[in-house]
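As structure tokens, the structure follows; a few thoughts come after it.
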Amino acid sequence: MNSKTVNSATMNEAFLLTGATVQRCESCEWEVSESSAHTECAACGDLLDVLHEAPKSADGAPLSSDDLKRIFEVGCCRFATHEASGVWRYMQLVMPSIAALPQGIVSHPEGNTPLLQRSLLSEFSGCDQLLLKHEGHNPTGSFKDRGMTVGVTQAVRIGATAVACASTGNTSASLSSYAAQAGIPGLVFIPAGKVAAGKLSQTLAYGAKTLVVRGDFDDCLRLAREASKELGIYLLNSVNPWRIEGQKTIVFELLQQLDWVAPDFIGLPAGNLGNTSAFGKALREAFALGLIDRTPRLVSVQAAGAAPFVASFPDFFNRASVRAETVATAIRIGDPASWNRAVRAIRQTDGLVISCSDEEIISAKIAVDAAGVGCEAASAASVAGVRKLVAQGVIRPEHRVVAVLTGHVLKDPGMLELLHASNPLGRPGGEGVAHSGRAGAGSNPPIEIDATVSAVEQVLRQGII
Numbered sequence: 001m002n003s004k005t006v007n008s009a010t011m012n013e014a015f016l017l018t019g020a021t022v023q024r025c026e027s028c029e030w031e032v033s034e035s036s037a038h039t040e041c042a043a044c045g046d047l048l049d050v051l052h053e054a055p056k057s058a059d060g061a062p063l064s065s066d067d068l069k070r071i072f073e074v075g076c077c078r079f080a081t082h083e084a085s086g087v088w089r090y091m092q093l094v095m096p097s098i099a100a101l102p103q104g105i106v107s108h109p110e111g112n113t114p115l116l117q118r119s120l121l122s123e124f125s126g127c128d129q130l131l132l133k134h135e136g137h138n139p140t141g142s143f144k145d146r147g148m149t150v151g152v153t154q155a156v157r158i159g160a161t162a163v164a165c166a167s168t169g170n171t172s173a174s175l176s177s178y179a180a181q182a183g184i185p186g187l188v189f190i191p192a193g194k195v196a197a198g199k200l201s202q203t204l205a206y207g208a209k210t211l212v213v214r215g216d217f218d219d220c221l222r223l224a225r226e227a228s229k230e231l232g233i234y235l236l237n238s239v240n241p242w243r244i245e246g247q248k249t250i251v252f253e254l255l256q257q258l259d260w261v262a263p264d265f266i267g268l269p270a271g272n273l274g275n276t277s278a279f280g281k282a283l284r285e286a287f288a289l290g291l292i293d294r295t296p297r298l299v300s301v302q303a304a305g306a307a308p309f310v311a312s313f314p315d316f317f318n319r320a321s322v323r324a325e326t327v328a329t330a331i332r333i334g335d336p337a338s339w340n341r342a343v344r345a346i347r348q349t350d351g352l353v354i355s356c357s358d359e360e361i362i363s364a365k366i367a368v369d370a371a372g373v374g375c376e377a378a379s380a381a382s383v384a385g386v387r388k389l390v391a392q393g394v395i396r397p398e399h400r401v402v403a404v405l406t407g408h409v410l411k412d413p414g415m416l417e418l419l420h421a422s423n424p425l426g427r428p429g430g431e432g433v434a435h436s437g438r439a440g441a442g443s444n445p446p447i448e449i450d451a452t453v454s455a456v457e458q459v460l461r462q463g464i465i
């Protein structure tokens, strides 16, 4: 199945036929109201899914796909009097009941991120129609803000006294910011020595209490989940179904930017698998509502040193876990929490799960940076994955592909220092960046000169710039 329609009966599961919004277990169908603080099933322990009834007008009539497109277009932020958030523009598909109390929304605002095309990256990847959805343009510099605006809004609605998350850095920065805005205490669990300085500094600046755990991300998430259950803290990792509701707007927005003509592939970095899950849910709903007439194939890209999802693909008979190690810190996760949701997303979109080495990811990052776009290392996994699939003949040059960049280039300044701090030749060269992150191809170290025009001229004559 390549960019074709999905069985409509399956897609109709995206919405309730009657009734209001509920949270329902994906495995055993245990159900609670939308106001419940549960983030997982009390019966079997699996994750919950948010299900809304199909959107209706004020008089109760079903909204057509054309009706919804008009609502989304009129609500676009380019109209100064309308919705400034690229998440809450899709309120009918995210949290319909909040329309009755819009002042309860906790929004920066977020979303409205650009869809970019750069000839240098088309050439690098071999894909002529490669587009980049840059989520690094969100308020705290990553896609996490889309999920956090919805998650923290829900926390306020249910009267949560504190919110918490485990994080490799981006989630904690986002939670800390939105919790501060809402006036709710935030608690974050981060793995010792494994969070980039740019992300940690955000978390500290926004005021969340930061707990540095002697362990990896998976240890942090286990502890956060246990503390949430025992201490009554509202957990805001992507296991929370409302986080997924916000993150699925990445797909709604890129589809709207493409005038609702679905691309052939959507590539994304894959760590805890929340985005893979969210993207699959968004595509199910977009198809069920008639917003698109075919579904793109999802491509979840993991780092080779943190690739449990790859190890289980394509049949997913056995759930794998690994001790994760990669320079792409944002996806350095060995036991993804959103596993079952992500499996469903890959199966329903005829998706692909692949891995790229650290060297391939860093090469893609250097290319993204050199094109004037910039991204954190883990974000470049999507571009590296597209390049690999083009080389394998799976993606053809004429396919339209959207690669999602999940974080801003300044999220990991330490990586930039490693890439550009030193180069014995004083100019680009070498054979790439080793696993250690040492400077190599594409490095751009600063050049110290005397304060004379002749020194500047000498640099220019060397052809360095």
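Under the numbering used here, the residues of the sequence shown are numbered 1 to 465, in order. Note that CB positions come from ideal geometry on N, CA and C, so glycine has one too. Computed from a prediction, not measured in an experiment: that's the story for all the values here.
- At a Cβ-Cβ threshold of 8 Å, Ala-37 and Ala-205 do not count as neighbours.
- Three or more beta-carbon pairs separated by less than 8 Å are not found between the region 210–227 and the region 252–269, which leaves the two stretches without contact.
- Counting only the Cα atoms, His-134 lies some 14 Å from Lys-411.
- One thing to note: Phe-15 has its Cβ no nearer than 8 Å to the Cβ of Leu-48.
- About 17 Å separates the beta carbon of Ala-179 from that of Val-239, a gap too long to meet the 8 Å contact definition.
- Runs of the alpha helix (DSSP H) lying entirely within the region 84–137, each at least 4 residues long, are 91–94, 119–125 in chain order.
- In the three-state reduction of the DSSP assignment, Gln-392 falls in the coil class.
- Sixteen is the threshold: since fewer than 16 other Cβ atoms of the shown chains lie within 10 Å of the Cβ of Ile-158, the residue is exposed.
- Where Pro-413 is concerned, the enclosing alpha helix (DSSP H) starts and stops at 413–420.
- The beta carbon of Phe-72 is closer than 7 Å to those of Arg-89, Tyr-90, Gln-256 in its chain, skipping five residues each way along the sequence.
- The Cβ atoms of Phe-265 and Val-310 lie no closer than 8 Å to each other.
- Residue pairing by DSSP places Val-401 opposite Leu-130, Phe-265 in a beta bridge.
- By the criterion of at least three beta-carbon pairs nearer than 8 Å, the region 141–154 is in contact with the region 163–175.
- Per the C-alpha coordinates, the member of Val-401, Arg-332, Gly-193, Ala-155 positioned closest to Ala-262 is Val-401.
- A straight-line Cα-Cα distance of about 45 Å links Val-301 and Ala-455.
- A buried status is given to Thr-113, since no fewer than 16 other beta-carbon atoms sit within 10 Å of its beta-carbon.
- Ala-42 and Pro-191 have their C-alpha atoms spaced approximately 28 Å apart.
- Remark: C-beta atoms of Gly-186 and Lys-209 approach each other more closely than 8 Å.
- DSSP lists no bridge partner for Gly-232.
- Here Ala-377 is buried: its Cβ has 16 or more other Cβ atoms, across all protein chains shown, within 10 Å.
- According to DSSP, Ser-33 shares a beta bridge with Val-22.
- Just measuring C-alpha positions, the residue of Ala-307, Leu-389, Cys-165 sitting nearest Thr-326 is Ala-307.
- Bounds of the alpha helix (DSSP H) holding Pro-241 are 241–247.
- In the DSSP assignment, Leu-460 falls within the unbroken alpha helix (DSSP H) covering 453–461.
- The beta carbon of Gln-154 is closer than 7 Å to those of Trp-242 in its chain, skipping five residues each way along the sequence.
- The DSSP-derived three-state label of Leu-255 is helix.
- Cα atoms of Ile-361 and Ala-330: separation of roughly 12 Å, rounded to the nearest angstrom.
- Distances from the alpha-carbon of Val-404 to those of Ala-364, Ser-35, Val-32 put Ala-364 closest.
- In the DSSP annotation of this structure, the continuous segment of the beta strand (DSSP E) that includes Arg-297 starts and ends at 297–303.
- Counting the other Cβ atoms within 10 Å of the Cβ of Ser-97 gives fewer than 16, which makes it exposed.
- The three-state reading of DSSP puts Cys-356 in strand, counting E and B together.
- Glu-40 is bridged by DSSP to Leu-47.
- When the beta-carbon positions are compared, Ala-367 and Leu-120 come within less than 8 Å of each other.
- Within the region 314–353, the runs of alpha helix (DSSP H) at least 4 residues long that lie entirely inside it are, in chain order, 339–348.
- In the DSSP assignment, Thr-210 falls within the unbroken beta strand (DSSP E) covering 209–213.
- Counting C-beta pairs with one atom in each stretch, the region 123–137 and the region 383–392 have three or more that are closer than 8 Å, which means they touch.
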